[in-house]
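Here's the structure, in structure tokens; my notes come after.
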């Protein structure tokens, strides 16, 4: 009978390991949201334009109808009439001087805004395996 540890043969031993892994549900959370309405006051600026009209009598003879003139915030609109004399003559009867005056007013208006608040509640679960996540691993 040959010796088990002879010079010509060396016996090798290998172990194999098989690992199973399964997921278990250890707890759950439940999330709910709640919408709240928050009333706030928001400052805003309101702009308005006021128009001032001043009639300026001129009553002078002219040869042609003048154009509308704009000088800064003043607009001058000529108002003409024809007068019958032996011949027709054009007279500038008056001018309308229109000035724009800007006004700015600060005021506050009430508005409602909404926001959501999340409430998280832990729900205990039974210690049951989760069959949909079972994994097998073979390692040497």
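Residue numbers (the numbering used here): 861 to 1000. Glycine included, C-beta positions come from ideal geometry on N, C-alpha and C.
query: Is it the case that the Cβ atoms of residue 960 and residue 909 are separated by a distance below 8 Å?; result: yes
query: Hey, how far is the Cα of residue 956 from the Cα of residue 907?; result: 25 Å
query: Span of the beta strand (DSSP E) holding residue 929?; result: 929 to 931
query: Report the rounded CA-to-CA distance for residue 985 versus residue 883, giving the unit in angstroms.; result: 13 Å
query: Report yes if the C-beta distance between residue 937 and residue 928 is below 8 Å; otherwise report no.; result: yes
query: Output the distance between the C-alpha atoms of residue 966 and residue 902, rounded to the nearest integer angstrom.; result: 11 Å
query: Using beta-carbon positions only, say whether residue 895 and residue 976 come within less than 8 Å of one another.; result: yes
query: Pull up the distance between the alpha-carbon of residue 971 and that of residue 900, whole angstroms please.; result: 6 Å
query: Taking the straight line between their C-alpha atoms, what separation do you get for residue 904 and residue 948?; result: 57 Å
query: Taking only three categories from DSSP, how would you classify residue 964?; result: strand
query: Cα-Cα, which of 983, 892, 950 and 930 is closest to residue 920?; result: 950
query: Suppose the cutoff is 7 Å on Cβ atoms and the five residues either side in sequence are ignored; what does the same chain contact list for residue 954 look like?; result: 915, 916, 917, 918 and 939
query: Where do the N-terminal and C-terminal ends of the beta strand (DSSP E) with residue 872 fall, by residue?; result: No beta strand (DSSP E) holds residue 872; DSSP gives it neither H nor E.
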